[in-house]
Amino acid sequence: MEQHDLDELLSHLEKPARYLGSEWNAVHKDWDRTAVRMAFAFPDLYEVGMSHLGLQILYGLVNAHSDYLMERVFAPAPDLEAELRRGGLPLFSLESHRPLRDFDLLGFTLQYELTFTNILNMIDLAGIPLQSCERSDADLLVIAGGPVAANPEPLAPFIDAFVIGEGEDALPEVLSVIRQAKESAGAPGARLRARWSRRRLLEKLAGIPGVYIPSFYSVEYNKDGRVQSFTALRPELQSCVRRRLAPDLNDAFFPTAPVVPLAEAVHERGMLEVFRGCTRGCRFCQAGMIYRPVRERDPRTLLRQAREIIDKTGYEDISLVSLSSLDYSDLDGLLPALGDQCTLSRTGISLPSLRVDSFSVGVAQKLPGGRRTSLTLAPEAGTQRLRDVINKGVTEADLLEAVAAAVAAGWSAIKLYFMVGLPTETQADLEGIGDLVRKAQRAGRSARGGKKLRFSISASSFVPKAHTPFQWEGQLPRQQLTESHAFLRDLVKSSGADYHWHDIKTSFLEASLARGDRRLAEVLFEAWRRGCRFDGWTEHFNFDLWQDSFRAAGLDPEFYAGRRLSYDEVLPWDLIDVGIDREFLVREHRRALAGVATADCRLGSCEGCGVCPSFGVEPRLVKASR
Amino acid sequence: MVEYRIEYSKTGRARWLSHLELVRTFTRALRRSGLPLVFSRGFNPHPRLSYCPSLGVGVAGLREYLDVDLAAAMPLSEGMASLGRQLPPGLEIGCLMELPPEAPGIGKTVNCAWYRLALPPEQTVDTWQQAIDRLVCGSDPLYYKRPKDGKLFDVRSGLAACRLTEVGGKMSSVLDLLVDFGEATAPLRGIVETLLPLAETAGSYEPARVTRMALLHQNGGLVNPLGERKQLWET
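Just so you know, the sequences run in chain order F and P. Under this note's numbering, residues -3 to 622 are what the first sequence spells out, in order. Under this note's numbering, residues 3 to 237 are what the second sequence spells out, in order.
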């Protein structure tokens, strides 16, 4: 885009800084000298996407390669979309402000089901046919990956190829195939097209482990709407696609010069990924299943990376990110040295979430730059029985000690997270939340010498997710969830705490999409056509349009969100193999219903989830368990 | 502790940064530069910086200023280079000056700004001149109502000086305005949106056509924040 046209466009936008692409550490490569050009698409606003580690990893990784370039694009805010449509302008990348259709491939990251309509919208704004089958040899390739690709089916017709699992190794392999395709076309630097047909390109990509080409499989359904079978349409294809993983994070690429946002992002801090994978085994948690096994980074690697991040970003804070950072086995070796490194630059150290125990609070207290405002703890359920069902290894005593420790450390407000509508939940479990809150308030008050501690309670609704022990469980009907939340709100408010709940319709839609099959693509199309965008944002979410869209597609969202599935039915995501044994998930589900907890494999015992033998790897802990 | 004044320009893509975004960008650039910053006390220490009055989003600035406290004195060229290397595209250091002890801060040093507008090309210089004459010395009242709060401004009240110049072979004209800072001064958008209809031009205020040429202190003569005397419209 010409500078003048860009200025004209920016002058109409509320936050032009979202679209400048001139951030510190942004990479501007020579377009004509780069063999393969990829646009990384984050289907939400800049401020959300720029807080995301996966983007920074892949951006750094691809741009470190001399033959490849990656530029970024985020979902255009409604004001930009209106300007683009009004002026007939194509959606463009941030770095070079080129139309997306000039790239060889467009790759979406799937972090949340409620960004799906934004994906359709971005493809449309790019001027590319929405469906894979409508794209010609001249169109760029549309790929997608990320945690939500653990069940990619609702997006199947829109995406040419999914990359399942961790992209550090798989994405460069995809780019290498595209380079071959372009080289065989003769002219280096030519656009993807020419001699390799789209079909041939997809065939080559299908040969890469972890790449799933949805158009190469057909799905057959029973009369009752359940999936009957999948058929691989080519003899060379496996019956399912196994995700990729990086066995050793010490060797894996890590971005120590991440792009520093210009427009204020949700989280602005240097991210230090202390480990990947979590083996606590919370039975509702998809991330805890699909990122196994635990792979910790060596403290020396982390300290070096932290130093570089601080020097190259100037961030005020550095955050230890992972699914449960305080489980890192060598905190004693890491934290004091990290604290020393941060002293001179006055860099704070933060933790995205805290484990519910006094040890964690004690660790958090010692970190430099900690704001003593609000501390967040997530007991998830109100009774020990239900916490055992979900395998959240937290006791009431843990919580009360954590609260007392938080008060001693100077925090004056505490946030507690719970989930409503968990499998086997009864009225007693909801009342249990009320009891637990009151006990925590008492513990807080006595630790503060009679002064009240501010509590705020946040509750979400249980959403069953693919590849978890609870994948077979239905979500409670909306009416019942509404009553449960209302009951809890009254209970919690009567004891003087705030109550916030996550929108129930949003969680319902999330559940329908999370357990959806390929037929939901039509619902997505109808919803997008009716104007649905940014469905995860309360101010944009329009449930009526979604209901119309389900009706138009002749599908019932309740069938996907609320139905209890049986062990013997084919699941829409059975095409995806995350490496966990099905028998393990069944066993875990049965143990849940029996209220039996399962130990964390960090502690030494193997519970047989099957991931390590599947991949020929082992958990990597830098220090034997405490 | 030594206080320095940094003169910088904000052009290109950086002109689209809001004041808050600019502040965060500078803070991080200074943190990366390795200069010996002086931090505030407390749990969330931040470097001590003060800025000149903010630029509108989209408006370029050629001579903008920022005061920063450093723990120790340093050679000016070295400081300029250390910080200059850390600035994203569109932000550039012009010069660096050590402030004498007890010098007033940048906020107190300036009381007016020189803006330059590239006028839309569809009118002749004569039409613009007539419109400007009416804007500056007409007798009819000219008011601008600020949309966000409905506050009324007398558009003439803060206009200290103006000059129209024809540039290039084409019929394009450039308007220089010297505008006082003050509660009563209309926002630049208001001045432009009042002027355009006077020239029978349909366009609207376009920040990308505006450049803040200088920040000055007017008290008899004109002095810039580096203490240099300036003639009117002298760069």
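Ideal placement from N, C-alpha and C gives every residue a C-beta, glycine not left out.
- A distance below 8 Å separates the beta carbons of residue 223 of chain F and residue 567 of chain F.
- By the Cβ test, the segment 87 to 98 of chain P is not in contact with the segment 106 to 124 of chain P, since fewer than three Cβ pairs between them sit closer than 8 Å.
- For residue 39 of chain F, the secondary structure class from DSSP, reduced to helix, strand or coil, is coil.
- For residue 91 of chain P, the residues of chain F that pass the 7 Å Cβ criterion are 18, in the order they occur in the chain.
- Proximity of residue 155 of chain P to chain F, defined by a Cβ-Cβ separation below 8 Å, is not satisfied.
- A Cβ-Cβ separation of about 5 Å places residue 596 of chain F in contact with residue 275 of chain F under the 8 Å criterion.
- The C-alpha of residue 47 of chain P lies about 11 Å from the C-alpha of residue 339 of chain F.
- Separation of residue 478 of chain F and residue 465 of chain F (C-alpha to C-alpha, rounded to the nearest whole angstrom) is 25 Å.
- Bounds of the alpha helix (DSSP H) holding residue 135 of chain P are 127 to 139.
- Interface annotation for the segment 7 to 40 of chain F against chain P: 7, 12, 13, 16, 18, 19, 20, criterion Cβ-Cβ distance under 7 Å.
- Secondary-structure assignment with DSSP links residue 464 of chain F through no beta bridge to anything.
- For the options F:614, F:472, F:460, F:325, the alpha carbon positioned closest to that of residue 279 of chain F is the one of F:460.
- Taking 8 Å as the threshold, the shortest C-beta distance from residue 579 of chain F to chain P does not fall below it.
- Closer than 8 Å to the CB of residue 341 of chain F there is at least one CB belonging to chain P.
- With fewer than 16 other Cβ atoms from the protein chains shown falling within 10 Å of its own Cβ, residue 582 of chain F counts as exposed.
- Within the DSSP bridge table, the entry for residue 497 of chain F names F:455 as partners.
- Taking 8 Å as the threshold, the shortest C-beta distance from residue 183 of chain P to chain F does not fall below it.
- By alpha-carbon distance to residue 248 of chain F, the top candidate from F:236, F:233, F:166, F:179 is F:166.
- Listed in chain order, the beta strand (DSSP E) runs fully inside the segment 241 to 305 of chain F are 266 to 269, counting runs of at least 3 residues.
- Just so you know, the alpha carbons of residue 14 of chain P and residue 92 of chain P end up roughly 5 Å apart.
- Apart from the 5 residues on each side of it in sequence, residue 401 of chain F sits with its Cβ closer than 8 Å to the Cβ of 354, 357, 358, 361 in its chain, given in chain order.
- Note that the C-beta distance between residue 292 of chain F and residue 262 of chain F is not below 8 Å.
- Residues of chain F with a Cβ closer than 9 Å to the Cβ of residue 208 of chain P are, in chain order, 3, 4, 7.
- When Cβ-Cβ separations below 8 Å define contact, residue 316 of chain F makes no contact with chain P.
- Check the Cα spacing between residue 116 of chain F and each of F:540, F:528, F:266: the tightest is with F:528.
- Residues of the segment 32 to 55 of chain P with a Cβ closer than 7 Å to any Cβ of chain F, in chain order: 33, 34, 41, 45, 46, 47.
- The alpha-carbon of residue 300 of chain F is positioned some 30 Å away from that of residue 159 of chain F.
- For a Cβ distance threshold of 8 Å, residue set 34 of chain P lies close to residue 307 of chain F, ordered along the chain.
- Using a Cβ-Cβ cut-off of 8 Å, residue 175 of chain P does not count as an interface residue toward chain F, since no Cβ of chain F sits closer than that to its own.
- The beta-carbon separation of residue 147 of chain F and residue 40 of chain F, rounded to 19 Å, does not stay under the 8 Å limit for a contact.
- Residue 425 of chain F has its alpha-carbon roughly 10 Å from the corresponding atom of residue 432 of chain F.
- DSSP places residue 81 of chain P in the helix class (H, G or I) of the three-state scheme.
- One finds 30 in chain P with Cβ atoms closer than 7 Å to the Cβ of residue 256 of chain F, taken in chain order.
- For residue 16 of chain P, the closest Cβ of chain F is nearer than 8 Å.
- If you draw a 10 Å sphere on the C-beta of residue 82 of chain F, you find fewer than 16 other C-beta atoms in it, and that means exposed.
- Spatial neighbours of residue 112 of chain F in its own chain (CB-CB distance under 7 Å, excluding positions within 5 residues in sequence) are listed in chain order as 150, 151, 509, 520.
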